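Residue numbers (my numbering): 388 to 677.
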Amino acid sequence: MKKILLISALAFLCYTSSLSQTVNLGALGGSMKAEVIQKKILESPQYVATYNYVFVKDANRPNEKRNSETILQIGKSYNRFCDYNSLRSDSVNDAAANKKIEMLAAFPQMLGYKKKSLFSSDIIIDKGKKEETILDYSTVLNTYQYSEKLPELKWDLVEGDTLIAEMHCQKATTELFGRKYVAWYCPEIELPYGPYKFNGLPGLVFKVTDVENNFDFTIHSFRKAQKQDIPIYMRKDKNIINSNRETVRRIYKNFCANPVSALNGDDMVIISDEVKASVKSRPYNPIELE
């Protein structure tokens, strides 16, 4: 448990620099061994697509955008969409565990990936059940999991075509959780999938952007999977909290209003009153408004 809290606390510090001197790393166990991440292997991917993810963190500052790299693994029975750097961090952790490397020795590389990991959900789609399971990391210290039916997107295929990544794409529009989107899909790649939860078009989604230009996914690469590719898996950490979408959205909204409250009640992290007073609320601009 200490190892999990250490990693989570460090991840929190990457986002909240005001707390940069509140964690005693030595007290958390400097000689801890890395442990293989608990997971359920679902299947090997058949195709892999990566997308550049650009988003507006603060709706009051629309010109200040951040970006990360996301990955879509397409299998026969399952798809997985998550932050690519989070996947890389998992791989470093498991490599360290298999080589019996000290946890702190693996931290620099893992933390480097964690800093770049800005897409805060891990989405597993079960095609047979038409159900998705979401692991949500948006509150940094806790991981929440919930399952629900796939959203039934109503796509309008409209006039318009363009070239993206040297491939001919056609235009479509839809709405999802309170936002309106424009998507570009490639009919030549007959896979009805895309980034995030944008599925159901007659071709792979190459680009999708909300009309207010707050969130954008643009394809970076697409290829057939290889034997050495990371399998599609679902994390089975003991500290995952089962919940539902409405509760997770409410928790995230409260976290943005008072981020330091995420560390309250943890006797391994000491926060002075001075630091508590200096930590401000975080911008709240979720991709899902409803």
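Beta carbons are placed, not taken as given, at the ideal position from N, Cα and C, and that holds for glycine. None of the values given here were measured: they were computed from a predicted structure.
By a beta-carbon distance limit of 8 Å, I627 contacts T530. Their separation comes to about 5 Å.
Here P495 is exposed. Its C-beta has fewer than 16 other C-beta atoms within 10 Å. C-alpha of D624 to C-alpha of S478: approximately 15 Å in a straight line. For K611, no alpha helix (DSSP H) segment is defined; the enclosing uninterrupted segment is the beta strand (DSSP E) at 602-611. By the Cβ neighbour-count rule, N586 is buried, with 16 or more other Cβ atoms within 10 Å of its own. In terms of Cβ geometry, N601 and F468 do not form a close pair [threshold 8 Å]. For the pair N485 and L498, the Cα-to-Cα distance works out to about 19 Å. Annotation for R453: F442, K444, L505 place their beta carbon closer than 7 Å to its own, counting only its chain and skipping 5 residues before and after. Between A570 and F593, the alpha-carbon positions lie close to 8 Å from each other. In this chain, the beta strand (DSSP E) harbouring R453 covers 452-461. Burial of K584 is indicated by the presence of at least 16 other C-beta atoms within 10 angstroms of its C-beta. In the DSSP assignment, A483 falls within the unbroken alpha helix (DSSP H) covering 471-485.
Y639 carries a helical assignment under DSSP once its states are collapsed to helix, strand and coil. Scanning N641, T526, S648 for the CA closest to the CA of A664 turns up S648.
The C-alpha of S431 is placed about 8 Å away from the C-alpha of D616. Using a 10 angstroms sphere on the CB of G581, the tally of other CB atoms reaches 16 or more, which defines it as buried. At a Cβ-Cβ threshold of 8 Å, Y572 and C556 count as neighbours.
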